[in-house]
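To keep things clear, I will list the structure first and then write my remarks on it.
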Amino acid sequence: MNLLILSSSTGGGHDMRAFALKEWWINRGYAAEVFHPLEQTSALYRFGTNLYNFIQKKAPWCHSLYFKFLECAYLHRSSRLLIGRNHFKSFIEDFKPEVLVSVHAHLNHAYLDITKQCFPESKFIIYCGEFADGKGFSRHWINPKADLFTGPFESTCEAAIRKGMPPSKVRVGGLLLRQAFHTNSDKVERNSKIILKSMGINPRENFVTLGTGANGTNNHLRICREMNKSLRNSNVKQIVALCGENRKLQKDLNSMHLGKGVIIIALLKVGAEEMVSLLSKTCCLLARPGAGISAEALAMHTPIIFNICGGVMPQETNNLNYWKLHGCKASIISKPEQFPLCLEKEISAIGVTLPSEPSILEIIERIGNEK
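Everything in the sequence shown is counted per the working numbering, starting at 3 for the first residue and increasing by one.
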């Protein structure tokens, strides 16, 4: 069964889910490909993706305006007006997908129509990564012509139904994460000390983890400077800073000298097993409330402090609302100097127990086999 996954590199969560699904599907003995219509078929759409990532990195507060424009613009609704439609059509005619899964809000209309024109028997599934409803839950996620809408939680699916998806076409699909996050907890416990040591982390000493998005969005340097001012009575002995692919940031952090024997361990992009070990053992994770890293924290029951310095993007409010729905007051900082103060308080953690494999795999297989 050929599976085509439509994604976009806006933020990091979409691709995280797309490539996780590809790996799971191939392991089932099927064929799978990830295709980026916005980036691979049009220079204009590629510019829009880059603009999104620039705003996320430099001015998250400004994204509300961009989001509102995209909500009204209907840029990818009409297959007739879609830029790069022939490129996309050529790709699917070569690959011949039996099932398509879109993991991005702007790929659920024109691309669905083109697919159905070429392969009327193919199935189109929308997987929405949003945790809950909110002002950042795009209406472009909703298309009653899709064969199925699915998302990680009941709150995701309830939002979709309120916005117009037929209830008969909505089903909870669970979190879609890399295979290491579905590892048995006993095995994680056995392996974590060895993995942490290999990363230069002392598993016997407390550490906090500073997260970063796929686009390198962070303010680690300012956070570490503030930590240095306030570590007099702290039991934190290690600060693990994830730097993505930013080697300059890694070098700058490694050259910092903190007092009271506290060390900074700056790491470039880490693999799934390393991330599992980090999140299972860290005192807390500081990260923006994006769906990617927040989902990983939920899977590992990691205490999380949300970093909204620079403002909140609309989509991030959806994920913060998930914490509210579960009666958990989210720990939030809007200025770097607030982080050390947060560490002095109890940080609530909520979690999700994952099955041995994502529930969506069975859903895709069932839908794909329907005639």
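Backbone N, C-alpha and C fix where the C-beta goes; we use that ideal spot for every residue, glycine too.
In the DSSP assignment, the residues bridged to Lys125 are Val101. Note on geometry: alpha-carbon atoms of Ile116 and Cys74 lie some 22 Å from one another. Taking a cut-off of 8 Å for Cβ pairs, the region 154-163 and the region 261-278 do not touch, as fewer than three such pairs fall below it.
Linking Ala34 to Lys24 through their CA atoms gives a straight-line distance of about 6 Å. Taking C-beta atoms under 8 Å as the contact rule, Glu348 and His184 fail to qualify, at a distance of about 29 Å. For the pair Pro291 and His65, the CB atoms are not nearer than the 8 Å cut-off. In the structure shown, Leu8 adopts extended strand secondary structure according to DSSP, grouped into three states. Counting every other CB atom within 10 Å of its CB across the protein chains shown gives Pro338 a total of 16 or more, marking it as buried. Beta-bridge pairing by DSSP links Cys286 to Val210.
Between the C-alpha atoms of Cys226 and Thr51 there is a straight-line separation of about 31 Å.
Runs of the beta strand (DSSP E) spanning 3 or more residues and lying entirely within the region 221-258 occur at 240-244, in chain order. Straight-line measurement puts the Cα of Glu123 at about 40 Å from the Cα of His328. The beta carbon of His16 sits closer than 6 Å to the beta carbons of Ser9, Ser10, Val105, His106 from its chain, once the five residues preceding and following it are set aside; these are given in chain order. Ile306 places its beta carbon 8 Å or farther from that of Phe341. Every unbroken stretch of the alpha helix (DSSP H) spanning 4 or more residues and falling wholly within the region 22-72 is given here in chain order: 39-42, 45-60. The residue from Leu300, His111, Leu178 with its alpha-carbon nearest to that of Pro39 is His111. Within the same chain, Ser10, Ser11, Tyr47, Arg48, Thr51 come within 8 Å of Glu41 by CB-CB distance, once the 5 residues on both sides are set aside. It is roughly 6 Å from the alpha-carbon of Ile310 to the alpha-carbon of Ile335.
In this model, Lys91 and Lys250 are separated by some 41 Å (Cα to Cα).
DSSP places Phe155 in no beta strand (DSSP E); its state is neither H nor E. Within the DSSP bridge table, the entry for Val172 names Phe151 as partners.
Each residue's CA atom was taken as its position, placing Ile144 and Ile369 some 18 Å apart. When DSSP states are grouped into helix, strand and coil, Asn321 belongs to the helix group. By alpha-carbon distance to Leu363, the top candidate from Gly246, Asp135, Leu178, Gly312 is Leu178. Non-local beta-carbon contacts of Asn221 in its own chain, meaning distances under 8 Å to residues more than five positions away in sequence, involve Asn309, Cys311, Gly312, Pro338 in chain order. DSSP places Ala297 inside the alpha helix (DSSP H), whose first and last residues are 293-301.
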